[in-house]
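Notes to accompany the following structure.
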Amino acid sequence: MLKELQETPRGKKFLECQTLEQICSIWNLGEYCRQKQIEFQSKGMLGRRQVCPDMFSPNPKNSKRMMISRK
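This is how it looks when you write it as structure tokens:
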């Protein structure tokens, strides 16, 4: 992906990055990244660490209650 930039100081730092925040800070976009995170959180958007598979599957107990209440 980086090709010839991989051997530059910035390229080496990029390869060591583990988070989007770290990548943004290499290109002096750390503040922009933080502002966007705050904006997304204020809109109710979840980050990858905040999402879990259980959030999208219905709770079996609640499903039975819903079916009974519809009858």
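When we follow UniProt numbering, the leftmost residue of the sequence shown carries the number 1, and every step to the right adds one.
Just so it is clear, CB atoms sit at the ideal spot from N, CA and C, and this is done for glycine as well.
As the structure is a computational prediction, the values presented were derived from the model and not from experiment.
Q: Within its chain, find whatever has a CB closer than 6 Å to the CB of L5; leave out the 5 residues flanking it on each side and keep chain order.
A: G11
**Q.** P53 in three-state terms, based on DSSP
**A.** helix
**Q.** Distance, Y32 Cα to R48 Cα
**A.** 19 Å
**Q.** CB of L2 within 9 Å of CB of L15, strictly
**A.** yes
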